[in-house]
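Residue 92 in full-length UniProt numbering sits at position 92 of the sequence shown, with consecutive numbering throughout. See below for the structure under consideration.
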Amino acid sequence: MKTRRFGRTNWHVSEVGYGMWGLAGWTGSDIEEVNKSLDRSVELGCNFFDTAWGYAEGKSEEILGGLLRRHKETTLYAATKIPPKNFTWPSKSHFKIEDCFPAAHIVEYTEKSLRNLKVEQIDLQQFHVWEDAWADRDEWKMAVEKLTKEGKVAHWGVSVNRWEPNNCLQTLETGLISSVQVIYNIFDQNPEDQLFPLCKKLDVGVIARVPFDEGSLTGLMTYETTFPANDWRSTYFVPENLISSVDHANALKPLVPEGMDLPEMALRFILSNPDVGTIIPGMRKIKHVESNTATSDGNGLSTELVEELRAHRWERQPTSWSQ
Numbered sequence: 001m002k003t004r005r006f007g008r009t010n011w012h013v014s015e016v017g018y019g020m021w022g023l024a025g026w027t028g029s030d031i032e033e034v035n036k037s038l039d040r041s042v043e044l045g046c047n048f049f050d051t052a053w054g055y056a057e058g059k060s061e062e063i064l065g066g067l068l069r070r071h072k073e074t075t076l077y078a079a080t081k082i083p084p085k086n087f088t089w090p091s092k093s094h095f096k097i098e099d100c101f102p103a104a105h106i107v108e109y110t111e112k113s114l115r116n117l118k119v120e121q122i123d124l125q126q127f128h129v130w131e132d133a134w135a136d137r138d139e140w141k142m143a144v145e146k147l148t149k150e151g152k153v154a155h156w157g158v159s160v161n162r163w164e165p166n167n168c169l170q171t172l173e174t175g176l177i178s179s180v181q182v183i184y185n186i187f188d189q190n191p192e193d194q195l196f197p198l199c200k201k202l203d204v205g206v207i208a209r210v211p212f213d214e215g216s217l218t219g220l221m222t223y224e225t226t227f228p229a230n231d232w233r234s235t236y237f238v239p240e241n242l243i244s245s246v247d248h249a250n251a252l253k254p255l256v257p258e259g260m261d262l263p264e265m266a267l268r269f270i271l272s273n274p275d276v277g278t279i280i281p282g283m284r285k286i287k288h289v290e291s292n293t294a295t296s297d298g299n300g301l302s303t304e305l306v307e308e309l310r311a312h313r314w315e316r317q318p319t320s321w322s323q
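So, in C-alpha cells, the structure goes:
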C-alpha cells in the first residue's frame, strides 16, 4: 500500500482508506465479516478509517474502536463526524448554525465519539454537513479551539454536501480546518475546479468519498436494480437517478482497459490525481478489501485514458433525493 502526506497534519495515510458507513445500519452487514474485513485491511497497509456518529447512532464508531484496540501496536488514524443538531442531511442554505452546530452540541457529540471509540483523542473530527455562510461565526470556532486545547481532537475537517464542493472555501481560509471530505469520482470532477487548488495552497488534506458513485461505478447495477425499503439506497436510486446512472456507467464500459474492471478503473482515476490524500470506499467483504487496496501500487491510469474519462464528467445539482 502506498501512502501520501495528508496536508498539514503531516500524517502519511494509505492511498486507499476505509469508509465505514456501510458497516452498520445497511442491509447485508454481518459484524463477524465486517471485523475480518477491517483486520484484513490493516494487514494490507490501510491506516485511515472514516466513520461518523450518524452511522447507526455510534455503532460504526464502536466497531472502529474495537479495531483500534485489536491493533494497538499499529498507527491507525480514526476520523469521525459530528451530526448536525437538527439531524438533517444534507444541510440547506437557509439553515442557521444554531440549528446545526452550536458550541455545546459540538462538545457533546465529540464526547460521545470519544466514548464510542474508547480513545482519549480523536485524530480527525469532522462536521458532517456544512454551509460556507457559517465560516465567520464564532460558535464553532470556540468549540474547535476548546476541544483542541483540551487535547480531545488533534485535527478538524469538514465533509462537504453532495455536489457542492465549493460550499466550504471561506471556511478553509480560517486556518482551523485540516481536511476536507468531498465526493470525487469519474462522474463528479467538479472539485478540481476550485476546491483542490485551494486545498493545495492552504495545505489541506483531501478525502475523496463515494468513489463508486454509491454503486453505479461498480458496473453491477442494472435498470432493474432494487434495494430493500430500509436501505438508504432505495431512496437515492429512484427511477430518475437509477436509469441515468446506469446509462452513464454503461457508456464507460468500452473504455475499461484489458485486465481491469470498472471499479478498478474508477479508483485508479482518483489515484491519478496527486491532489487527493486518500480514497474511502465502503468495504464489507474481504474480497472488496483486497481488490480495492490492490489499486494502490503506484500505477495510475495512462494520461490518454484520464483525458478520455474527463469527457464523462456529469454535472449534477442537489435534489430532494440526493442527500
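We put the beta carbon where it would ideally sit given N, CA and C, even for glycine.
### Query
Apart from the five residues just before and just after E62, which ones in its own chain have a Cβ nearer than 7 Å to its Cβ?
Along the sequence shown, read from residue 1 onward, the residue named residue 62 stands at position 62. N116, listed in sequence order.
### Message
Using a Cβ distance threshold of 8 Å, determine whether the stretch 47-67 contacts the stretch 83-100, with at least three qualifying pairs required.
### Response
yes
### Task
Please state whether DSSP places T319 in a helix, a strand or coil.
By 1-based counting over the sequence shown, the position of residue 319 is 319. DSSP places T319 in coil when its eight states are reduced to three.
### Query
So, using beta-carbon positions, are I270 and I279 closer together than 7 Å?
The residue you call residue 270 lines up with position 270 of the sequence shown. The residue you call residue 279 lines up with position 279 of the sequence shown. Going by C-beta atoms, I270 is nearer than 7 Å to I279.
### At least three beta-carbon pairs within less than 8 Å, the stretch 249-264 to the stretch 219-230
yes
### Message
Assess contact between the stretch 88-99 and the stretch 64-79, defined as three or more Cβ pairs (one per stretch) separated by less than 8 Å. Is contact present?
### Response
no
#### Entry: Run of the alpha helix (DSSP H) containing R115, from where it starts to where it stops
Residue mapping note: residue 115 aligns to position 115 of the sequence shown, counting from 1. Note, R115: alpha helix (DSSP H), A103 to L117.
### Query
Do you know whose CA, among D138, S179, N166 and N161, lies nearest N10's CA?
The residue labelled residue 10 in the question sits at position 10 within the sequence shown. Nearest option by C-alpha distance: S179.
### Task
Use the C-beta contact count for R70: other C-beta atoms within 10 angstroms, 16 or more gives buried, fewer gives exposed.
Locating residue 70 in the sequence shown gives position 70, counting from the first residue. Flag for R70 reads exposed.
### Task
Taking all protein chains shown into account, decide if G175 is buried (16 or more other Cβ within 10 angstroms of its Cβ) or exposed.
Within the sequence shown, numbered from 1, the residue matching residue 175 stands at position 175. Exposed.
### Task
Quickly, what does DSSP pair H12 with across the bridge? List them, please.
Start at 1 with the first residue of the sequence shown, and residue 12 comes out as number 12. According to DSSP, which records beta bridges pairwise, H12 is partnered with R5.
#### Entry: Range covered by the beta strand (DSSP E) that runs through I207
Residue 207 sits at position 207 when you count from the first residue of the sequence shown. From DSSP, the beta strand (DSSP E) with I207 extends over G205 to R209.
### Message
Short of 7 Å in beta carbon distance, which residues of its chain neighbour S244, apart from the five on each side in sequence? Order them along the chain.
### Response
Here residue 244 is taken as the residue at index 244 of the sequence shown, counted from 1. For S244, where only same-chain residues beyond five positions count, there are no Cβ hits under 7 Å.
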